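Residue numbers (the numbering used here): 834 to 1267.
Here the structure comes first, spelled out in structure tokens, and everything after it is commentary.
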Ligand SMILES: [Zn+2]
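Okay, structure coming up:
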């Protein structure tokens, strides 16, 4: 199944921000301008236990505007390994680019990303990783040495075989790392260029994504931030610095909605956004409880739509586990219902004594109390409100009437208001006490 989401953003240029969910589940976010063919392709999450790379790719996809030329982002190439926080649940995906066996569970993803890399407009490819230690040309102990991968810009060879734009890999990597080294948080975080000289010296790397790209005359680099950096925000900081330097090399103009520093990255990384389910439930993942029961879902198929690029769902033992990247956010235990197609957009509710018309699937805000206006159309169930009434309409409900065990959030302020019609589920709204 393929579905395509279009978001139009107003800007100096028209920017198309398109997310494709193909059958292989390669998610591709395109930030596209009509003025040029030059395109940077950034790939996050080929290894599931390297969150610096995929959280950086996700912030790039969600918090940057591209004002000239094009940026394509694959935030979570190896999604199921990311959920598991493992390098590769089906083996090392980055060793499958020369040859991949029939029946290999990664085959479809590998073939899809190869096709994307080979598209005519792709001018340069970045593959994001977190690596061990801190790379140094001289041996300075177990962590700082020439075998470390952390804090490097990795190239497979000095330059591409043919003369072409961005083909001088070594020159570009040197410019990028020396510019990053002017902005270090700590001096020992300095980045170096690591040339694996893949063709002659590194058989394993001959199977990698970047080597596949360079042998097809696509300039490609790996960015490796150190697994030994103390926080995720520091890893993401260096990843984004590197990506921005590459955008400068390629003359891609961009804007971001935040200052690039640890504090702001910490804040962004703590935001998990919204999860829309079947267009009739909208869960705010901020402060959500680790476990929610009796979520009205469809027994056959459900559509989960996240505002966060790293949002994903895994079905485990009859529950739906919700992830943002490698972070488990909540587990939903379903109660299966037939779902009625919505015919109405709004319902009436008296909030703090005043009549309001509120959108279905939205959150309404309360200071003291609310009352769902009685309507013969729906049976209403306010989850956590105890009553003997068949439908919980026509009564004032305040925070004291609600059982904290049934709140959606850990702060016990957010409660579910569920609408049913003829025994079928219609919609869930949310009541939030300010
Ligand atoms: Zn890696």
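We treat Cβ as the ideally placed atom computed from N, Cα and C, and that holds for glycine.
Here the structure is a predicted model, which means the values were calculated and not measured.
On the three-state DSSP scale, how would you describe residue 1009? helix
Could you give the DSSP three-state label for residue 1039: helix, strand or coil? helix
Environment of residue 1065 [buried if 16+ CB atoms lie within 10 Å]: buried
Relative to the alpha-carbon of residue 884, which residue among 1071, 1195, 1196, 1176 has its alpha-carbon at the smallest distance? 1071
Is residue 880 near ligand 1, going by C-beta to nearest heavy atom under 6 Å? yes
Whole-angstrom distance between residue 1013 and residue 891, CA atom to CA atom: 20 Å
Rounded separation between residue 1320 and residue 981 - CA only: The chain is shown from 834 up to 1267; residue 1320 falls before or after that span and cannot be answered.
Looking only at C-alpha atoms, which of 919, 983, 923, 1073 sits nearest to residue 876? 1073
Please report the distance separating the alpha-carbon of residue 1103 from that of residue 1033. 44 Å
Kindly indicate which residue of 1209, 1228, 1233, 1197 has the alpha-carbon position closest to the one of residue 1249. 1197
Within a Cβ cutoff of 7 Å, which residues of the same chain sit near residue 1234, ignoring the five residues on either side of it in sequence? 1218
I want to know whether the stretch 1020-1039 touches the stretch 987-1007 - three or more CB-CB distances under 8 Å. yes
Can you tell me which of 1075, 943, 1091 puts its alpha carbon nearest to the alpha carbon of residue 898? 1091
Based on Cα-Cα distance, which residue from 1264, 905, 870 lies nearest to residue 1202? 1264
Mind the definition here: the stretch 865-881 touches the stretch 904-919 only if three or more C-beta pairs lie below 8 Å; say whether that holds. yes
Let me know if residue 1078 comes out buried or exposed under the rule of 16 or more other beta-carbons within 10 Å of its beta-carbon. buried
Compute the Euclidean distance between the alpha carbons of residue 1049 and residue 1000, then round it to the nearest angstrom. 12 Å
Determine the burial state of residue 1216: buried for a count of at least 16 other Cβ atoms within 10 Å of its Cβ, exposed for fewer. buried
Note the first and the last residue of the continuous alpha helix (DSSP H) segment covering residue 943. 940-950
Ligand 2 and residue 1061: does the residue's C-beta get closer than 6 Å to at least one heavy atom of that ligand? Although ligand 2 was asked about, the structure shown includes only ligand 1 as ligands.
By DSSP's criteria, residue 963 is part of a beta bridge. Which residues make up the other side? 1058
Selection from 1161, 1206, 1252, 1038 that minimises the alpha carbon distance to residue 1120: 1161
So residue 914 packs on residue 921, CB below 8 Å; how close in whole Å? 5 Å
Return the bridge partner residues of residue 1109 from the DSSP annotation. 1115, 1138
Beta carbon of residue 939, beta carbon of residue 948: below 7 Å? no
Look at residue 1181 and residue 1206 and say whether their C-beta atoms are less than 7 Å apart. yes
Per DSSP, what kind of secondary structure is residue 1222 in: helix, strand or coil? coil
Starting from residue 1031, trace the alpha helix (DSSP H) both ways and give me its first and last residue. 1031-1034
How big is the Cα-Cα spacing for residue 1137 and residue 1111? 7 Å
On the three-state DSSP scale, how would you describe residue 1263? strand
Outcome for residue 998 when other beta-carbon atoms lying within 10 angstroms are tallied against a minimum of 16: exposed
Rounded separation between residue 1221 and residue 1157 - CA only: 39 Å
Return the CA-CA distance between residue 1256 and residue 1262, expressed in angstroms with no decimal places. 18 Å
Through-space distance from residue 1083 to residue 1166, alpha-carbon basis: 48 Å
Should residue 1230 be labelled buried (16 or more other beta-carbon atoms within 10 Å of its own) or exposed? buried
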